[in-house]
Structure formats: structure tokens, C-alpha cells
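Visitor:
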Amino acid sequence: LFWRLSLLSVLLESASSTSEASSSAASIQWSCCRLFYEPVTTPCGHTFCLKCLERCLDHNAKCPLCKDGLSQCLASRKYSKNVIMEELIAKFLPEELKERRRLYEEEMEELSNLNKNVPIFVCTMAYPTVPCPLHIFEPCYRLMIRRCIETGTRQFGMCLGDPVKG
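Letter by letter, the sequence shown follows residues 1 to 166 of full-length UniProt numbering.
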């Protein structure tokens, strides 16, 4: 595995126009401690897994590496898919990619199992059939709503917070 990752790093360096961008791209592979899955590149030139970048942007609308503003990218939710990176990984690391895909699918399956865990949104009073606008500003709730949409369940529970117990 190590020599394959080294080979991928060398290929990235030779394919890139600047050594700075290539060394950043090669080192980012370990940002989530996994192989890139659905790699996307930010306007500032850094590459991340799509889900890892979305998770980082839940907390801060800046690039996790260089801290450039990504608010425009965040608002449009249109990310630049890194096709070259995806093809290199598929060509030189097919087994690792297969394992990474399997892990991702397992995570999505576990998240969509509403018999095991139902996401709960703590908010103000809500009544059945009455529209209740959700103002999602905390990272944990952004993640929860995004996972509900991604897994296809589109379901979550709502409860009123207890002012005494918190």
C-alpha cells in the first residue's frame, strides 16, 4: 500500500503544474485518514473528499488548509469534482478504492436505519401538519439534515428542549 501511495504522489507531482499544489494534494489524502472518495477541489486549489469538505464547511466557511473564504462555494453547493484524482485512484489503487466505497456505503446504510437511531432536532414548539421553519445554524444540525437528505430517509424527530436539564 505504501509504495502505491508513493507512486500516486509522484504521479500527482508530475501531472501538476506547480509543486506546491501537488504536495498539498498529496498530503491532503490523510486529512480524513482515508483514501479520497469523491474528491473535489476548492477554488483555492486544495483537494478533499466531498463529504469531508462539507463537514468542514459546516463549522467554518473557509478552506481547512489555507483559510481562504469559501462562502460562495458553500452557498451554491457546486463543488469542482477532481476527475484526474479520481481516475488516478481508480487506476492505481483499485482495491483500496473498492474498500473505501464499501465503508462509505456501510456508513450510509447505518445512518439510514431509523429503527436503530432517529435523528432529533431540539427546537421550539411544533404541531403536526403546521409548517415549522427550521433555522439551522449549528454544525451538528447541518450535518443531521444533510445526512437525512443524503440517505433518502428525509425523516427526523423534533422535541422541545428542557430549560432545567438542558
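Even glycine gets a Cβ: it sits at the ideal position worked out from N, Cα and C.
Alpha carbon to alpha carbon, how far is Asp162 from Pro64?
Guide: 35 Å
Visitor: Tell me whether the beta-carbon of Val40 lies closer than 7 Å to the beta-carbon of Ser80.
Guide: yes
Visitor: Leaving out the 5 sequence neighbours to the left and right, which residues in its chain are closer than 6 Å to Cys132 when beta-carbon positions are compared?
Guide: Ala126
Visitor: Could I get the ranges of all uninterrupted alpha helix (DSSP H) runs contained in the segment 55-82, with 4 residues as the minimum, in chain order?
Guide: 71-76
Visitor: Is the beta carbon of Pro139 sitting closer than 7 Å to the one on Asp58?
Guide: Result yes, Cβ atoms of Pro139 and Asp58 sit closer than 7 Å.
Visitor: Which residues does DSSP pair with Met158 in a beta bridge?
Guide: Phe121
Visitor: Check the DSSP bridge columns for Val40 and list the partner residues they point to.
Guide: Phe48, Lys81
Visitor: Looking only at its own chain, which residues have a Cβ that is under 8 Å from the Cβ of Arg154, when we skip the five neighbours before and after it?
Guide: Cys148
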